[in-house]
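A.B. asks:
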Amino acid sequence: MGAETELVRALRRAVRGGVDATPTARALVTMDASNYRRVPAAVVAPRDAADVAAALAVCRAHATPVVPRGGGTSIAGQATGTGVVLDFTAHMTGIVDLDPRARTARVQPGVVLDTLRAAAAAHGLTFGPDPSTHSRCTLGGMIGNNSCGAHSVAWGTTADNVRELAVVRGDGTAVTLAPGSWDGAPEGLRALVDAHLAPLRTGFPDLPRRISGYALDALLPEGGGPDPTRAFCGSEGTLGVLTEATVRLVEAPPARALAVLGYADESAAAQAAAGLLPYGPLTVEGMAADLVRDAEGLPKGGAWLFVETGGEVPADAHARAAAIARAADCVDAVVVTDAAAQRALWRVREDASGTATRMQDGSEAWPGWEDCAVPPARLGPYLRDFRALLAEHGLRGTPYGHFGDGCIHVRIDFDLLTGPGVARFRRFSEDLADLVVAHGGSLSGEHGDGQARAELLPRMYGPDLVRLFERAKDLWDPAGLLNPGMLVRPAPLDANLRFGVLPREPVGPPATAFGYPHDNGDFAAAVRRCVGVAKCRTTTATAGGGVMCPSFRATGEERHSTRGRARLLHEMLAGEVVTGGWRSTEVRDALDLCLSCKGCASDCPVGVDMATYKAEFLHHHYAGRVRPAAHYALGWLPRWLRAVAATRTARLVNALAALPPLAALARRIGGIEPRRALPRLAPRTFRRWWRGRPRAHGAGRAVVLWPDTFTDHLSPAVGRAAVRVLEAAGLTVQLPPGGVCCGLTYVSTGQLDRARAVQRRTLARMRPFLEAGTPVVVLEPSCAAALKADLVDLAAETPDFPHARVLADSVRTFAEALEEYAPDWRPPRLDRPVAGQTHCHQHAVLGDAADRRLREKAGLTGGLSGGCCGLAGNFGFEKGHWEVSKACADEQLLPSVAAAAPGTAILADGYSCRTQLEQLAGVRGRHLAEVLAQALDDEADGGADRGLADGA
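Start counting the sequence shown at 345; every next residue gets the next number (our numbering).
1. For A1139, which residues in the same chain have their Cβ closer than 6 Å to its Cβ, ignoring the five residues on either side in sequence?
2. Please tell me whether R381 and N827 are closer than 8 Å, where the distance is taken between their beta carbons.
3. So Y1314 is in the beta strand (DSSP E); what residue range does that whole segment cover?
4. Between P530, T368 and A1202, which has its C-alpha nearest P822's C-alpha?
5. So, at 8 Å on beta carbons, what are the nonlocal neighbours of L536 in its own chain, with the 5 sequence-adjacent residues on each side left out?
6. Once DSSP output is grouped into helix, strand and coil, what is the label at H1271?
7. Helix or strand or just coil, what does DSSP make of L786?
8. According to DSSP, is E901 helix, strand or coil?
9. Report buried or exposed for A1284, applying the criterion of at least 16 other Cβ atoms within 10 angstroms of its Cβ.
10. Can you give me the C-alpha to C-alpha distance between P847 and A918, rounded to a whole angstrom?
11. Can the beta-carbon of G630 be found closer than 8 Å to that of A608?
12. Just to confirm the assignment, what range does the alpha helix (DSSP H) spanning A632 have?
13. What is the rounded straight-line gap between the Cα of A324 and the Cα of I756?
14. Apart from the five residues just before and just after W1034, which ones in its own chain have a Cβ nearer than 7 Å to its Cβ?
15. Within this structure, are the beta carbons of K879 and V1189 separated by less than 8 Å?
16. Taking only the alpha-carbon atoms, compute the straight-line gap between L544 and L586 and give it to the nearest angstrom.
17. Kindly indicate which three-state DSSP category M804 falls into: helix, strand or coil?
18. By how many angstroms is the C-alpha of Y558 removed from the C-alpha of V352?
19. My output table needs one value for M1110: the three-state DSSP class, helix, strand or coil.
20. When DSSP labels each residue in this structure, what does G361 get in the three-state scheme?
21. Tell me which residue opens and which closes the alpha helix (DSSP H) that E915 is part of.
22. Which same chain residues, not among the five before or five after V988, have their C-beta less than 8 Å away from its C-beta?
23. Which residue comes first and which comes last in the beta strand (DSSP E) that contains F650?
24. Could you tell me the alpha carbon to alpha carbon distance between G641 and P949, rounded to whole angstroms?
25. Out of curiosity, what's the CA-to-CA distance linking R670 and G488?
26. Can you find at least 3 beta carbon pairs, one from the region 1089-1109 and one from the region 1215-1233, that sit closer than 8 Å?
27. With DSSP collapsed to three states, give me the class of T1182.
28. Measuring alpha carbon to alpha carbon, tell me which of A1244, V383, E1222 and R1173 ends up nearest Q1278.
29. In the DSSP assignment, what residue or residues form a beta bridge with M375?
30. Assess, as a yes-or-no matter, whether the region 1179-1197 is touched by the region 1117-1131 under the definition of 3 or more beta carbon pairs within less than 8 Å.
31. Are the beta-carbon atoms of G794 and R553 separated by less than 8 Å?
32. The alpha helix (DSSP H) spanning E1235 covers which residue range?
33. In terms of residues, what are the limits of the alpha helix (DSSP H) holding E1034?
34. Select from G524, H914 and G859 the residue whose C-alpha is nearest the C-alpha of A1133.
35. Could you check if I555 is buried or exposed, using at least 16 other CB atoms within 10 Å of its CB as the buried criterion?
36. Can you grab the Cα-Cα spacing for the pair A1066 / G889, in whole Å?
Structure below.
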C-alpha cells in the first residue's frame, strides 16, 4: 500500500488534472462492457497531452501499467487494468477544429461520437463509423478498437477515416503519425517490416472487417504505404496513448429511407445480405426475432435486414429502398421514410447488445464472442456451422449484427460462475476460433481482441506473425507498461473473470427484502444485469420520451449513472475494493443522487432497476441505526398527513408553515432543502369530500378509485375531477376503506419493513374488492407503479404474494380505466395543444399508450416531453439535492412549458411534476382528469371557457 501511496503522491505532483485513488474511483473502472475485471491503483483525468506525458513518466518510474479509457464500453476487456487508468472523458473532450471545406475534424480522444456528429451535421457532414454506442463512445476508444458500426458498408472502419494522430509513445515521446511517412514511428519498426515483407503480404485475411491483431500490413510500401495511422488504429492502447486525432468527415445524405426486409431466420437473412451490396446501401444490418421486445412496425419474418439508403430528397432515398425491397428475396418488407419511425426501428437494433444478455427464459448470456467476421459471401454457411457448434457444446445464443460486412455479434449463455462452466467457455472459444479461421475470417470484426481473443491469435495468424506483433509492441513500448496482457503476451481468456469475486450462493430472501423474481431470487444476479453498454451515460434523454439517467445528465459523473452505481454494488458484493458491505459509504453516496425515477427499468436494454436496488441498500444500510431526518419527515408522510386530517388542523399547519422562522425550523428539523417551499395541505381532504357528497347510483361497471396520499391530502381536486369524469363515462365509483396505502414513501426511503406492514394492512382491507374482481383506478402514477411492481417484488417469497399479484393486476391508470371499462364513451372535444411531461414512473412501469389515445379523442394535440421533473417524490425536497433537482427540470420539462403557445393545456399527472412546475416556473400543471372534468363542466354551462389555458 505504501508503494501505491507514493505513486499517487507523485502523480498529484506531476499532473494538473485529477488524480483519484479512492475506492469509489477505482471501483468505477474495474470493468468495461466485457466479462473481465481488473482493479486499478488510481484513476488520472489528464487535462492535455502534457498531462499524459507526465503521467506516463511517473508510471515508468514506478513500473506501473497504464490503460487509456474512453466511454468504457469495450467488450473484450481492453479498457480495464491493474495500474493507472487514464480517463479521457473528464477534460480532453473537445473538438479542436472542424473544417467543412477539407471535410476534416481535429478532436481530443474523450469527445463523444454524437458530439462530433452533431457539430458536423451543421455542415451537412458526419463521421462515417457509428457503433451502436454512438451516444456515449469516444473517438479515442473508437480509434483504439478500430470501431466500425452499421454504416461501415458505405464508409468503412475508423481506420479508413483517420488522417493524422498525435500520440505519446510508451517512452514519453510525443509524435505525430500520418499516412505515407515513417515519421513518429519508433526506431527499428521500418527495418522490422522490411525484413518480413513476405509474411506481412500473405498472412492477413482479405475481408472488410479484419480487426484482430496489429495491422502491420498497413506499413507495407505498396498501396501508398506506409500508413502508421492505420497501423495504430486497433492497437487498444498497447502502442501509445492518443492525445489528438484528425479524422475524415463524409457527406451525410440529406434524406434517408429504411427498408426492413423479413426472412424466415437469420441464416436466410445472412445468405441474402451480400447480394444487396451492389445496390450501394448505407447499411445492411441483421437481427433475429429473439432479440425484439416489441415487433411493432416490423414486417413478417423470424429475422430482418435493416437496409438504409440515402438521397438528395426523400423521394430518391425511398426509390432506392423500394428497389432493394423489390429485388430482395424476402418474406415481407416495409420501407420507412418518416424520421421518427426510422429512429424507433434503429433503437430496436441498437439495444440488441443489451437485450441479448437475457435469453427468452430469463437466463443470462454474455459477450466473449461478440464480433467475429467472415467474408460476407461466407456468412450464411458460417452461421449454420456456428449454430451447430453451439448445439454441440450445449449453448445458446442469438446472432445479430453487420451482415453486409460479414460481422456477427452474439451473446451466449455461458456459465461463467462455476469451474465446469468456465472450462466449457474455454473449449467453445478454442473450437469457435478454429471455425472462424476455417471460413477465412477474423476473430474480431469490430471490438478488438483484448483479453477475450488475444490468446487465440496464433490460430488465426500463426506463431511467426504473432511473434512479429510482439516485436512491434516492444519497439513502441519498450517497458511494456501500456495495457499489458492485451493483444500480445495476453492473459488467458478465462482469467480475471468479473464474476469470480461475487458470492457463490444467491443473495436473496430472507437476506434481502425484495424477492427479485426476475433474477431467480438473487440480488447479485440483479446487479449482474449491468453489462456496461452505458446507455445511461448519454447526455440527452433518448428520443420518444426516454428518462434514463437524469442524475448522470445533471452531473456528468460516472458514479451518478446507472452503470456507475451498478459497478459500486458489484464491488460491494465482491468486498475487495468497496469493503463496507451494506454499510458502505461509497455506495450510499453514489445512490444519494439516484432519483428513483425507474427510467433504467425500461430504458436500460437489460432492465437494471436501480430504484429497487437503492431501496434494498438503504434498508440494510440503516438497519438498527438512526436514519436521515428526511426519511422520517418524508418517508412517514402518510402517517403525518393522516394525523393532520384526523385532527382537522390543516389550516393551522398551513398558517404556521407560512411564518418564515417556523418554516425554516421545520425544514432544518426535517432535513428539507431550505430553498423549497413547503406544500400547502388541503383543508378538506378528498375522502372527507367524498363522505359529504350526495351518493351517485350508477348502473355501470364498478371501479375502486384509489385515494393515494397525494391526491387525498395535497391535491383533492384531482380526485374530485376523476370522480366527475368516471361517472360521466357511466362507471360506478367506489372508495376503499381508510388506511390503504401503496407504501411508496417507505419504499423510496428504504424503510422496507414498514412498507411490508403497510402492504399487509392494505391487502387485508382490499380483499373484498379483489375477490370481486373490481378494478382499481390509481391517479398518481408513482403510486400505481408501486402497486404494480414494488410491492409485488416486496411480497415475493411471502404468503402475501398471491394477493399482491392480484392487486397489481387490478391496477389501471385513469386513461386505461376509461378505455377498458367505458369504451363507447367519448370525451369532450378540446382541440388544444398540450405540453408537460409524462411521469417517469408511468413511462417506466405503466406505459402511456392509453393516455395518448385518450388525449387524441379529446382533441388534445402534441406530445409530452421525456426526462424526469427532478422532484421525484422525496428526492427534490431533501437537503443537498436542489441543484440536481433543478437541473433535471431545466433539461426538458421547463423548456417544453416555456415554449408552449397561449392556450396550451399544461399536463402533469404526478404530484411531484405539478409541484416542480409551480415552484420553479410559477405554472400550474394539471392532471388529465382535471382538464377533462373542466371541459365537461364547461359543456354543462353552455361552453363557457373557464381558463383551460394553464400556461397563459
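Built from N, CA and C at the ideal position, the CB exists for glycine as well.
C.D. replies: Straight from the coordinates:
1. Looking up residue 1139 in the sequence shown gives position 795. The answer, listed in chain order, is F1145 and A1148.
2. The count along the sequence shown starts at 1 and reaches residue 381 at position 37. The count along the sequence shown starts at 1 and reaches residue 827 at position 483. With a cutoff of 8 Å on beta-carbon distance, R381 and N827 are scored as not near each other.
3. There is simply no residue 1314 to check, as the chain begins at 345 and stops at 1296 in what is shown.
4. Residue numbering aside, residue 822 sits at position 478 when the sequence shown is read from its first letter. Of P530, T368 and A1202, the residue nearest in Cα terms is P530.
5. On the sequence shown, residue 536 is found 192 positions in, with the first residue counted as 1. So the list reads L812, R815, A816 and L819, once near-sequence residues are dropped.
6. As a working mapping, residue 1271 is identified with position 927 in the sequence shown. In the structure shown, H1271 adopts coil according to DSSP, grouped into three states.
7. Walking along the sequence shown from the start, residue 786 turns up at place 442. Position check: residue 786 holds Ser in this sequence, whereas Leu was assumed. DSSP places S786 in strand when its eight states are reduced to three.
8. By one-based count along the sequence shown, residue 901 stands at place 557. DSSP, read as helix, strand or coil, puts E901 in coil.
9. In the sequence shown, residue 1284 corresponds to position 940, counting from 1. Counting Cβ neighbours within 10 Å, A1284 comes out exposed, since fewer than 16 surround it.
10. Looking up residue 847 in the sequence shown gives position 503. Looking up residue 918 in the sequence shown gives position 574. P847 and A918 have their C-alpha atoms spaced approximately 7 Å apart.
11. By one-based count along the sequence shown, residue 630 stands at place 286. By one-based count along the sequence shown, residue 608 stands at place 264. The answer is no: Cβ separation not under 8 Å.
12. Walking along the sequence shown from the start, residue 632 turns up at place 288. Counting along the chain, A632 sits inside no alpha helix (DSSP H); it lies in the beta strand (DSSP E) bounded by residues T627 to A632.
13. The first residue shown for the chain is 345 and the last is 1296, placing residue 324 beyond what the model contains.
14. Counting from 1 along the sequence shown, the entry for residue 1034 is found at position 690. Result list for W1034: L1079, in chain order.
15. In the sequence shown, counting from the first residue as 1, residue 879 sits at position 535. In the sequence shown, counting from the first residue as 1, residue 1189 sits at position 845. When the beta-carbon positions are compared, K879 and V1189 stay at least 8 Å from each other.
16. Counted from its first residue, the sequence shown places residue 544 at position 200. Counted from its first residue, the sequence shown places residue 586 at position 242. Between L544 and L586, the C-alpha separation is close to 25 Å.
17. As a first step, residue 804 is located in the sequence shown; it is residue number 460 there, counting from the start. If DSSP states are grouped into helix, strand and coil, M804 belongs with the helices.
18. Numbered from its first residue, the sequence shown carries residue 352 at position 8. Numbered from its first residue, the sequence shown carries residue 558 at position 214. For V352 and Y558, the distance between alpha carbons rounds to 32 Å.
19. As a position in the sequence shown, residue 1110 is number 766, starting the count at 1. Annotated three-state conformation of M1110 is helix, per DSSP.
20. Walking along the sequence shown from the start, residue 361 turns up at place 17. DSSP, reduced to helix, strand and coil, places G361 outside both helices and strands of the structure shown, so it counts as coil.
21. Taking the sequence shown and counting its residues from 1, the one referred to as residue 915 is at position 571. From DSSP, the alpha helix (DSSP H) with E915 extends over T906 to A918.
22. The residue given as residue 988 occupies position 644 in the sequence shown. Here the set comprises A994, V997, L1025 and H1057.
23. The residue labelled residue 650 in the question sits at position 306 within the sequence shown. F650: member of the beta strand (DSSP E) spanning A647 to G655, first to last residue.
24. Taking the first residue of the sequence shown as position 1, residue 641 is located at position 297. Taking the first residue of the sequence shown as position 1, residue 949 is located at position 605. Distance between the alpha carbons of G641 and P949: 19 Å.
25. Counted from its first residue, the sequence shown places residue 670 at position 326. Counted from its first residue, the sequence shown places residue 488 at position 144. Those two C-alpha atoms are separated by around 40 Å.
26. Segments in contact, yes.
27. By 1-based counting over the sequence shown, the position of residue 1182 is 838. Here T1182 sits in coil by DSSP.
28. Taking the sequence shown and counting its residues from 1, the one referred to as residue 1278 is at position 934. Checked all of A1244, V383, E1222 and R1173; the closest Cα to Q1278 is R1173.
29. Within the sequence shown, numbered from 1, the residue matching residue 375 stands at position 31. Paired residues: R381.
30. Result yes; three or more Cβ-Cβ pairs closer than 8 Å.
31. As a working mapping, residue 794 is identified with position 450 in the sequence shown. As a working mapping, residue 553 is identified with position 209 in the sequence shown. Cβ atoms of G794 and R553: not closer than 8 Å.
32. In the sequence shown, residue 1235 corresponds to position 891, counting from 1. Per DSSP, E1235 belongs to the alpha helix (DSSP H) from W1226 to E1235.
33. As a first step, residue 1034 is located in the sequence shown; it is residue number 690 there, counting from the start. It is Trp, not Glu, that sits at residue 1034 in the sequence shown. It spans F1030 to G1036 - the alpha helix (DSSP H) in which W1034 sits, taken as one unbroken run.
34. Translated into the one-based positions of the sequence shown, residue 1133 becomes position 789. The closest CA to that of A1133, considering only G524, H914 and G859, is found on G859.
35. Here residue 555 corresponds to residue number 211 of the sequence shown, with the count starting at 1. The residue in question, I555, is buried, as its Cβ has 16 or more Cβ neighbours within 10 Å.
36. Within the sequence shown, residue 1066 is the residue found at index 722, counting from 1. Within the sequence shown, residue 889 is the residue found at index 545, counting from 1. Straight-line spacing of the CA atoms in A1066 and G889 works out to 25 Å.
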